[in-house]
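Note that the numbering used here numbers the first sequence so that position 21 is 21, with each residue one more than the last. Every residue gets a Cβ at the ideal spot worked out from N, C-alpha and C, and that includes glycine. Model, not experiment: these values are computed from the prediction.
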Amino acid sequence: MTDTELPYNIHDANSVVEYAFELIGKTLREAANVDEIADPKRRKGSLGNAIEYYYFHMDPNSRSAPDFEEVGIELKVTPRKLTKKGERVAKERLVISMINYMDVVNEEFETSSLMHKADDMLLIFYLYDKDKDPLDYDIEIVARWGIPDEDLPIIKKDWETVVNKVRAGLAHELSGSDTLYLEACTKSSNSSVRREQPFSDIPAKPRAWAFKASYMTNVAAGLDEGMQSIERKQGEEEASLFDLVRERFAPYFGQTEQELAETFGYAREGKRPPKNLCALITKKILGVTEDAKIAEFEKAGIQTKTLRLQKNGRPKEAVSFPYFDYCELVETPFEESDLHEQLSTRFMFVLFRESEEEPGVYRLADIAFWQMPDADLEEAQACYEEMQRRVRDGHAEDSVKSSENRCCHVRPHGRNAQDTNMTPYGVPVIKKCFWLNQAYLKDEIEKITQNRS
DNA sequence: GCATGATCATGC
DNA sequence: GCATGATCATGC
Numbered sequence: 001m002t003d004t005e006l007p008y009n010i011h012d013a014n015s016v017v018e019y020a021f022e023l024i025g026k027t028l029r030e031a032a033n034v035d036e037i038a039d040p041k042r043r044k045g046s047l048g049n050a051i052e053y054y055y056f057h058m059d060p061n062s063r064s065a066p067d068f069e070e071v072g073i074e075l076k077v078t079p080r081k082l083t084k085k086g087e088r089v090a091k092e093r094l095v096i097s098m099i100n101y102m103d104v105v106n107e108e109f110e111t112s113s114l115m116h117k118a119d120d121m122l123l124i125f126y127l128y129d130k131d132k133d134p135l136d137y138d139i140e141i142v143a144r145w146g147i148p149d150e151d152l153p154i155i156k157k158d159w160e161t162v163v164n165k166v167r168a169g170l171a172h173e174l175s176g177s178d179t180l181y182l183e184a185c186t187k188s189s190n191s192s193v194r195r196e197q198p199f200s201d202i203p204a205k206p207r208a209w210a211f212k213a214s215y216m217t218n219v220a221a222g223l224d225e226g227m228q229s230i231e232r233k234q235g236e237e238e239a240s241l242f243d244l245v246r247e248r249f250a251p252y253f254g255q256t257e258q259e260l261a262e263t264f265g266y267a268r269e270g271k272r273p274p275k276n277l278c279a280l281i282t283k284k285i286l287g288v289t290e291d292a293k294i295a296e297f298e299k300a301g302i303q304t305k306t307l308r309l310q311k312n313g314r315p316k317e318a319v320s321f322p323y324f325d326y327c328e329l330v331e332t333p334f335e336e337s338d339l340h341e342q343l344s345t346r347f348m349f350v351l352f353r354e355s356e357e358e359p360g361v362y363r364l365a366d367i368a369f370w371q372m373p374d375a376d377l378e379e380a381q382a383c384y385e386e387m388q389r390r391v392r393d394g395h396a397e398d399s400v401k402s403s404e405n406r407c408c409h410v411r412p413h414g415r416n417a418q419d420t421n422m423t424p425y426g427v428p429v430i431k432k433c434f435w436l437n438q439a440y441l442k443d444e445i446e447k448i449t450q451n452r453s
C-alpha cells in the first residue's frame with residue numbers, strides 16, 4: 001500500500017492520532033476486518049504487530065524507528081490485565097529501546113536516545129485475556145503521550161542512576177531495583193548473551209530502557225481518569241457526535257446567559273455570570289462533571305469556543321489562541337507551528353445570538369462543528385509567514401492586521417502592556433497571539449447554519 | 001461600526 | 001504567578 005492509499009495521512013500527526021482513536025472500544029477483528037492472523041510469525045508480540053500490519057498497514061520488512069517516522073511518533077501497544085479484585089494493572093513493563101552501553105555514557109538525559117523515543121508516543125492499551133484470540137482483545141485506551149512534566153525529575157534521576165553505573169564500569173551489576181519509574185531491564189534471546197561495556201572488561205547482560213509495570217499502571221489510570229464520555233440513550237447508539245451534542249443542547253436554545261447561569265446554578269448575587277460559563281454549562285449539558293474532561297472532545301481534539309453573534313451575524317469578538325514566542329515563531333515553519341496544530345483541529349462553537357428585541361442580550365442559539373478548510377489554512381499560513389518576516393526584520397511590534405489577511409490577524413494577548421516576551425533581536429515586545437477574524441468567522445458560521453435545513 | 005490595543009477573570 | 005479564554009476600551 002502506498003502512502004496515498006493509506007486510510008490516514010502519514011505526514012499529519014493529527015490524522016495518525018485520529019485514525020488511531022477509532023480503535024477505542026473495539027477489537028482488531030472489528031476495526032480492521034481481519035479473520036485470523038495469517039502469518040504465524042506475526043503471532044509473536046501478538047496484538048502489537050498485528051495492529052501495525054493490519055490496521056496501520058506498515059510493512060514489517062521495512063521497519064525503522066520511530067514507527068510513524070514522518071511525524072516522529074513512536075507506536076506502543078501494551079497490555080493491561082485484571083487483578084483478582086477486578087482492577088486494571090499493566091501486565092508488563094513497557095520496553096522503549098535497547099541500551100547501547102558504549103554510546104549512552106556520552107549522552108545527556110534531555111537529548112538522550114531514550115527521550116527521543118519516549119517524548120512523543122502513541123500508546124494503545126488493550127485488555128489481555130488468556131482465553132481470547134489476540135484479535136478479540138478489547139482496545140481500551142488510545143492516547144498520544146509523552147512523559148508528563150511532573151514525572152520528569154524522577155525519570156531523569158532514574159536515567160542518571162543507570163548511566164552513572166555504566167560510567168563507573170558496573171554495567172554488569174545493573175538491576176531493575178536501582179530505580180523507580182524507568183529501569184534497565186534485561187533483554188536478550190537467551191541468557192548467555194553478553195555485551196561489551198566502555199569502562200570495564202566484564203561483559204554485561206544486554207538491557208533495554210523500560211517503564212516499569214507499576215508506572216504504566218498509573219499512566220493508564222491517569223489517562224482513564226478525569227475523562228467522562230457523553231452518555232448515549234437508547235436509540236442514540238449510532239448518532240454522530242454532532243447530532244448527539246446538538247440534541248443535548250437543543251432544550252436550552254433561547255435562554256440568555258443569565259438564565260443559563262440560573263438553570264445550572266452558576267448565577268451569582270449582583271454579579272455577571274462567570275466568564276467560563278460556557279465551558280461550565282457545556283459540561284453540564286453533556287452530563288460530564290465539572291472536574292472531568294469530555295472524553296469524546298479530548299479524543300477527537302475538539303476545542304470549544306463561545307461565539308456571541310451580533311444582529312448582523314458578526315461575532316462580537318474575534319477568537320484568540322495562546323500567545324506565541326517570538327523566537328520560536330521565527331524558527332518554526334508553519335507546518336510544525338502551534339498555529340497549524342490549533343487550526344487543524346475541530347472546533348465546537350457554542351453560538352449565542354443577539355436578541356432582535358433586546359439589544360445587548362444574547363441567547364443560546366445553536367452549536368456548530370467547524371474545521372478550517374484547507375484553502376483557508378493556506379491563507380492562515382500567509383499570515384503566519386508575514387508575521388515571521390516582520391519579527392525577523394526586527395519589527396515584532398508590527399502586527400499583521402485583520403485588513404491584511406482574510407482569515408487571521410495578530411494582536412496583543414498579555415495581562416497588560418508590561419507583559420512582554422523577548423524577541424530574537426533582544427528587545428522585549430508585548431505578548432501577542434493569532435486571532436481568527438470576525439468577518440471570516442461570520443462567513444464560516446453562515447455557511448454552516450445555512451446548509452442546515 | 002469596525003480595527004486594534006489593552007485588560008479582566010478564572011483555573012491550574 | 002502565569003496562561004488562557006473572554007471581554008473591554010479607544011480612536012477613527
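Pair within 8 angstroms by beta-carbon distance, residue i and residue j
{"i": "D325", "j": "N421", "result": "yes"}
{"i": "A118", "j": "I154", "result": "no"}
{"i": "T345", "j": "Q303", "result": "yes"}
{"i": "I281", "j": "L260", "result": "yes"}
{"i": "L23", "j": "A13", "result": "no"}
{"i": "A429", "j": "A375", "result": "This sequence places Val at residue 429; Ala is not what is there. Result no, Cβ atoms of V429 and A375 do not sit closer than 8 angstroms."}
{"i": "F125", "j": "E140", "result": "yes"}
{"i": "C278", "j": "V350", "result": "yes"}
{"i": "D138", "j": "L127", "result": "yes"}
{"i": "P203", "j": "V105", "result": "no"}
{"i": "W209", "j": "I73", "result": "no"}
DSSP beta-bridge partners of residue i
{"i": "M115", "result": "DSSP, once it has assigned bridges, lists no residue as partnering M115."}
{"i": "E74", "result": "M121"}
{"i": "I139", "result": "Y126"}
{"i": "V319", "result": "L436"}
{"i": "A210", "result": "V95, E183"}
{"i": "M227", "result": "K293"}
{"i": "T256", "result": "R363"}
{"i": "W145", "result": "M121"}
{"i": "F68", "result": "I73"}
{"i": "I430", "result": "T420"}
Buried versus exposed, by CB contacts within 10 Å (16 or more), residue i
{"i": "A171", "result": "buried"}
{"i": "M115", "result": "buried"}
{"i": "H409", "result": "buried"}
{"i": "N49", "result": "buried"}
{"i": "M372", "result": "buried"}
{"i": "L467", "result": "Given a span of 1 to 453 for the chain in the structure shown, any question on residue 467 remains unanswerable."}
{"i": "V245", "result": "buried"}
{"i": "L82", "result": "exposed"}
{"i": "R232", "result": "exposed"}
{"i": "P274", "result": "exposed"}
{"i": "T179", "result": "buried"}
{"i": "V193", "result": "exposed"}
{"i": "P322", "result": "exposed"}
Enclosing beta strand (DSSP E) for residue i [first to last residue]
{"i": "Y53", "result": "From DSSP, Y53 is part of no beta strand (DSSP E); its letter is neither H nor E."}
{"i": "D201", "result": "200-204"}
{"i": "L307", "result": "303-309"}
{"i": "A90", "result": "88-90"}
{"i": "I10", "result": "Where I10 is concerned, there is no enclosing beta strand (DSSP E), given that its DSSP letter is neither H nor E."}
Residue i - containing alpha helix (DSSP H), residue span
{"i": "E196", "result": "Run containing E196: none in the alpha helix (DSSP H); it sits in the beta strand (DSSP E), 195-197."}
{"i": "S214", "result": "213-224"}
{"i": "F242", "result": "241-249"}
{"i": "C408", "result": "Not the alpha helix (DSSP H): C408 falls in the beta strand (DSSP E), residues 408-412."}
{"i": "V104", "result": "101-104"}
{"i": "V34", "result": "Note, V34: premise wrong, no alpha helix (DSSP H); not H, not E."}
{"i": "T503", "result": "Given a span of 1 to 453 for the chain in the structure shown, any question on residue 503 remains unanswerable."}
{"i": "L174", "result": "Careful: L174 lies outside any alpha helix (DSSP H) and carries neither H nor E."}
{"i": "E404", "result": "From DSSP, E404 is part of no alpha helix (DSSP H); its letter is neither H nor E."}
{"i": "L329", "result": "326-331"}
Coil, strand or helix - residue i by DSSP
{"i": "Q418", "result": "coil"}
{"i": "R363", "result": "strand"}
{"i": "V350", "result": "strand"}
{"i": "A292", "result": "coil"}
{"i": "A267", "result": "coil"}
{"i": "P153", "result": "helix"}
{"i": "L339", "result": "helix"}
{"i": "P424", "result": "coil"}
{"i": "L377", "result": "helix"}
{"i": "A168", "result": "coil"}
{"i": "D334", "result": "It should be pointed out that residue 334 corresponds to Phe in this sequence rather than to Asp. Three-state result, F334: helix."}
{"i": "K81", "result": "strand"}
Residue i: CB within 7 angstroms of a non-hydrogen atom of the ligand ZN
{"i": "K283", "result": "Although the ligand ZN was asked about, the structure shown includes no ligands whatsoever."}
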